[in-house]
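Novice: This is the structure, below, for whatever I ask next.
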Amino acid sequence: MATLNKNNSAVKRIMQEARELANDPSPEYSAAPLEDDIFEWHCTLRGPAGTEFEGGLYHFRILLPAEYPFRPPSLMMLTPNGRFETDTKICISFTSYHEELWQPAWGVRTAIIGLQGFFPLKGKAAVGIGSIEHPTTERKRLAALSRSWVCPHCRESNLDLLPDPVALPDPVAPSSSTESAAPPEPLAAAPVSAPSPDTDSAVVTPLAPNPVATPNPVATPASVHIERVAAPIPRPRTQVISQPRQRPPILLDTAICVILVLVCGIVFRRMF
1 MATLNKNNSA
11 VKRIMQEARE
21 LANDPSPEYS
31 AAPLEDDIFE
41 WHCTLRGPAG
51 TEFEGGLYHF
61 RILLPAEYPF
71 RPPSLMMLTP
81 NGRFETDTKI
91 CISFTSYHEE
101 LWQPAWGVRT
111 AIIGLQGFFP
121 LKGKAAVGIG
131 SIEHPTTERK
141 RLAALSRSWV
151 CPHCRESNLD
161 LLPDPVALPD
171 PVAPSSSTES
181 AAPPEPLAAA
191 PVSAPSPDTD
201 SAVVTPLAPN
211 PVATPNPVAT
221 PASVHIERVA
231 APIPRPRTQV
241 ISQPRQRPPI
251 LLDTAICVIL
261 VLVCGIVFRR
271 MF
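Numbered by the UniProt record's numbering, the letters in the sequence shown go through residues 1 to 272 in order.
Below, the structure written as structure tokens:
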């Protein structure tokens with residue numbers, strides 16, 4: 001790569017955009033400056049979905065002026081496509097044909113996305129320098145051929161420069177092990193098949209067994225006990241037994257009487 005003045009505002013801006021596009025790739029386009037000229041970019045663009053360009057891959061050049069980003073770039077299509085002429089500067093709103101509409105805040109990414117939006121235009125909206133009008137069948141044919149088209153400078157096919165995005169796998173169906181983990185349903189009783197009319201009745205029809213006399217069941221003590229337990233048991237009443245009040249011992253009564261006599265004697269002496 002030629003020596004660049006990294007203090008130049010255009011060089012700073014171009015290198016910044018190159019880093020951003022390298023760090024944030026898109027499945028719709030790929031772009032990078034040439035190694036020997038940072039002001040020329042080569043880009044590969046995917047055809048818009050839902051149009052006759054769907055599935056196509058288109059290679060083009062972006063030429064940046066020395067005054068970039070204050071002046072707009074120029075675009076030149078390289079891959080035959082049926083919408084734009086090859087090796088001719090395209091006249092659209094954000095190219096050098098309309099410098100009055102360009103905004104310095106725009107960049108290379110803006111030009112790439114804008115060019116993709118101009119592919120499906122038809123009629124008067126598609127008229128301009130570098131625009132052509134081919135039948136839909138021809139555009140579809142060129143779209144199929146564009147995938148293997150090789151850029152003479154890059155020496156790689158468009159499909160190598162912009163591979164198709166990897167398709168997401170289909171959701172996994174529930175495995176048989178999951179189904180077997182479900183609780184088994186209860187088995188229904190097997191129906192008794194009626195005897196066929198063609199079958200010998202002597203073999204199919206069983207003989208009725210002789211009745212056997214069974215003794216009447218005798219209630220055992222255990223069964224009687226169960227019946228008694230099952231009956232409600234009345235809750236016993238709580239009886240309060242009053243105990244006779246214990247009398248104080250005789251010595252305690254005597255002591256109390258003596259104390260009373262002494263107290264009365266003392267009081268009597270003081271009064272008389």
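For glycine and all other residues, C-beta sits at the position ideal for the given N, C-alpha and C.
This one's a predicted model, so the numbers in the text were calculated from it and none came from an experiment.
Taking just the CA atoms, how far does Asp160 sit from Glu28?
Specialist: Distance between the alpha carbons of Glu28 and Asp160: 14 Å.
Novice: Using 10 angstroms around the beta-carbon of His153, count the other beta-carbons present and answer buried if the total reaches 16, otherwise exposed.
Specialist: Result: exposed.
Novice: Helix, strand or coil for residue 330 per DSSP?
Specialist: Absent from the structure is residue 330, since the part of the chain shown begins at 1 and ends at 272.
Novice: Report the rounded CA-to-CA distance for Gly128 versus Arg155, giving the unit in angstroms.
Specialist: 30 Å
Novice: Bridge partners of Cys43, per DSSP?
Specialist: Ala31 and Phe60
Novice: According to the neighbour-count rule (16 or more other Cβ atoms, all chains shown, within 10 Å of its Cβ), is Val108 buried or exposed?
Specialist: Val108 is buried by the Cβ-count criterion.
Novice: Sorry if obvious, but does the Cβ on Leu252 come closer than 7 Å to a heavy atom of the ligand GDP?
Specialist: Because no ligand of any kind appears in the structure shown, any question about the ligand GDP cannot be addressed here.
Novice: Which partner residues of Lys89 appear in the DSSP bridge assignment?
Specialist: Met76
Novice: Would you tell me roughly how many angstroms separate the C-alpha atoms of residue 299 and Arg46, rounded to the nearest one?
Specialist: Any property of residue 299 remains undetermined from this structure, which presents the chain solely from 1 to 272.
Novice: Kindly indicate which three-state DSSP category Ser131 falls into: helix, strand or coil?
Specialist: strand
Novice: Quick test of the definition: if touching needs 3 or more C-beta pairs under 8 Å, does the stretch 42 to 57 touch the stretch 130 to 146?
Specialist: yes
Novice: For Phe84, count neighbouring Cβ atoms within 10 angstroms of its own Cβ and tell me buried if that reaches 16, exposed if not.
Specialist: buried
Novice: Using beta-carbon positions only, say whether Glu40 and Arg19 come within less than 8 Å of one another.
Specialist: no
Novice: Taking Pro73 as the reference, which of Cys264, Pro120 and Gly114 has the closest Cα?
Specialist: Gly114
Novice: CA-CA distance, Pro120 and Ala31?
Specialist: Using only the alpha carbons, I get a separation of about 21 Å.
Novice: Roughly how many angstroms separate the alpha carbons of Asp36 and Asp24, rounded to a whole number?
Specialist: 23 Å
Novice: Hey, would you say Thr88 sits closer than 8 Å to Gly123, going by beta carbons?
Specialist: no
Novice: Tell me, which residues are paired with Val150 by DSSP?
Specialist: Answer is Ser157.
Novice: On the premise that Ile14 lies in contact with Tyr58, defined as a C-beta separation below 8 Å, what is that separation, rounded to the nearest angstrom?
Specialist: Contact between Tyr58 and Ile14 does not hold, since the beta-carbon distance rounds to 22 Å and is not under 8 Å.
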